[in-house]
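In this note's numbering, the protein residues as written are 645 to 933. From the three backbone atoms N, C-alpha and C, an ideal C-beta is built for every residue, glycine too.
The following block contains the structure:
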């Protein structure tokens, strides 16, 4: 009798472990997707190669591809037959607000994971590591930040780059004019059209702007790294189940050949190969977090 009861208990335990997640057990983003059948992904329209509008008019990029992998995981976790992805445009100024309000479930652009931002939102494992530098015309005499004295530098409003350039000018005590722009395309155009002497944003984005300009030989990226910024996918706070699913998706992907192919797809054309230092930095977090 005891043996029979033990077998029954074991079978019941196995059934519970493999049973579909019940709606009553869900909360936050997963509950929302279960109810609506829609995962809302925020994207940037001019943050190549992370998130931008491709030649076919559709959102594309490294971060967008990562979020598509997340969508596959969400659909599988919830055992949904049908689940759609709604792509929602965001800007550097409204991306946090749209995540908090629920208009966007996960933001897949080029957002830096910072402690200040974590007061309002949450982040996944970081997906890339870069930092603030300067884009100038090849003929420019600007080589470092002190050379920005009496010059105009463009920055995108609402970014960490903006705050760091402002702080740098105060520390170096140089008279620099700060020109705020709406996005990276506008920043590049400001340099191209002579409205700014330099555009300050993350190194990898500057290289992307040069590449898509069709005239990369006319521009240069200069200056030491003013900051080191880890990019991550942005989500709402207090939603640990969804964040865990996102992190598990990234961890599984990072250790597969598929990730190397995905990385090469977006960064190899820019001359940015995956190196041991970057890969170690991206994967070691999975053993300590």
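Looking at the unbroken beta strand (DSSP E) that takes in residue i, where does it start and where does it end?
{"i": "residue 880", "result": "873 to 880"}
{"i": "residue 912", "result": "Run containing residue 912: none; DSSP gives neither H nor E here."}
{"i": "residue 759", "result": "Unbroken run through residue 759: none, as it is neither H nor E."}
{"i": "residue 734", "result": "Note, residue 734: premise wrong, no beta strand (DSSP E); not H, not E."}
Quick check: residue i and residue j, are their CB atoms within less than 9 Å of each other?
{"i": "residue 732", "j": "residue 716", "result": "no"}
{"i": "residue 776", "j": "residue 804", "result": "yes"}
{"i": "residue 977", "j": "residue 690", "result": "Because residue 977 is not part of the residues shown, which for the chain are 645 to 933, the question remains open."}
{"i": "residue 759", "j": "residue 844", "result": "no"}
{"i": "residue 764", "j": "residue 879", "result": "no"}
Relative to the alpha-carbon of residue i, which residue among the options has its alpha-carbon at the smallest distance?
{"i": "residue 846", "options": "881, 807 and 893", "result": "807"}
{"i": "residue 791", "options": "799, 817, 773 and 802", "result": "817"}
{"i": "residue 671", "options": "886, 700, 909 and 891", "result": "886"}
{"i": "residue 854", "options": "871, 828 and 868", "result": "828"}
{"i": "residue 909", "options": "930, 692 and 674", "result": "692"}
{"i": "residue 874", "options": "735, 774, 682 and 714", "result": "774"}
{"i": "residue 881", "options": "723, 742, 718 and 735", "result": "742"}
{"i": "residue 902", "options": "706, 669 and 696", "result": "706"}
{"i": "residue 782", "options": "860, 772 and 930", "result": "860"}
With 16 other CB atoms within 10 Å as the buried threshold, where does residue i fall?
{"i": "residue 730", "result": "exposed"}
{"i": "residue 728", "result": "exposed"}
{"i": "residue 789", "result": "buried"}
{"i": "residue 904", "result": "exposed"}
{"i": "residue 917", "result": "exposed"}
{"i": "residue 745", "result": "exposed"}
{"i": "residue 799", "result": "buried"}
{"i": "residue 862", "result": "exposed"}
{"i": "residue 785", "result": "exposed"}
{"i": "residue 793", "result": "exposed"}
{"i": "residue 681", "result": "exposed"}
The alpha helix (DSSP H) with residue i in it runs from where to where?
{"i": "residue 695", "result": "Taken as a continuous stretch (DSSP letters only), residue 695 belongs to no alpha helix (DSSP H), being part of the beta strand (DSSP E) at 695 to 697."}
{"i": "residue 810", "result": "804 to 816"}
{"i": "residue 853", "result": "847 to 857"}
{"i": "residue 722", "result": "706 to 722"}
{"i": "residue 686", "result": "Unbroken run through residue 686 is the beta strand (DSSP E), 682 to 687; no alpha helix (DSSP H)."}
Could you check the C-alpha separation between residue i and residue j for me, to the nearest Å?
{"i": "residue 913", "j": "residue 679", "result": "41 Å"}
{"i": "residue 840", "j": "residue 884", "result": "43 Å"}
{"i": "residue 754", "j": "residue 685", "result": "13 Å"}
{"i": "residue 866", "j": "residue 701", "result": "32 Å"}
{"i": "residue 927", "j": "residue 890", "result": "15 Å"}
{"i": "residue 934", "j": "residue 725", "result": "Any question about residue 934 goes unanswered here, given that the chain covers just 645 to 933."}
{"i": "residue 896", "j": "residue 710", "result": "12 Å"}
Does any CB atom of chain D fall closer than 9 Å to the CB of residue i?
{"i": "residue 707", "result": "The chain labelled as chain D is not found in the depicted structure, where only one protein chain is given."}
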